[in-house]
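Residue numbers (the numbering used here): 18 to 113.
Using N, Cα and C, we set each Cβ at its ideal position, and we do this for glycine too.
Since the model is a prediction, treat every value here as computed from it, not as a measurement.
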């Protein structure tokens with residue numbers, strides 16, 4: 018996953034990339050501070066890549082709506098904060 022992420026970032030012309038591979042405990046007392054911090058990280062990014070391991074190239078239209086990505090705590094920040102969000106299927110091909 019990390020190697021393919023780096024390839025996609027390099028192919029997009031980026032020299033630097035940050036990969037978020039962990040989640041913050043939603044029951045943490047510092048949750049709001051974490052949410053604000055993550056929003057800033059994503060807002061300052063050139064691009065945000067969203068890798069959807071549960072969306073295969075053969076998925077039907079509308080599969081994104083049923084992805085487990087929508088149940089994660091940082092979905093809103095990842096979707097609203099960046100200027101550009103690119104979604105990728107399980108085989109790392111872009112979702113049109």
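**Q.** Extent of the continuous alpha helix (DSSP H) to which residue 64 belongs
**A.** Premise fails: residue 64 is in no alpha helix (DSSP H) and is neither H nor E.
Q) My guess is that residue 66 and residue 25 are in contact by the Cβ rule of under 8 Å, so how many angstroms apart are they, rounded? A) With a contact defined as Cβ atoms closer than 8 Å, residue 66 and residue 25 qualify at about 6 Å.
Q | Residues of its chain near residue 71, where Cβ-Cβ distance is below 6 Å and the 5 sequence neighbours each way are ignored | A | 84 and 85, listed in sequence order.
Q) When burial is assigned at 16 or more other CB atoms within 10 Å of the CB, is residue 59 buried or exposed? A) With at least 16 other beta carbons inside 10 angstroms of its own, residue 59 counts as buried.
Q: State yes or no: is the C-beta of residue 64 within less than 8 Å of the C-beta of residue 112?
A: Cβ distance not < 8 Å, so residue 64 and residue 112 don't count as in contact.
Q | From 100, 22, 69 and 98, residue whose alpha carbon lies closest to that of residue 87 | A | Distances from the CA of residue 87 to each of 100, 22, 69 and 98 were compared; the closest alpha carbon is that of 69.
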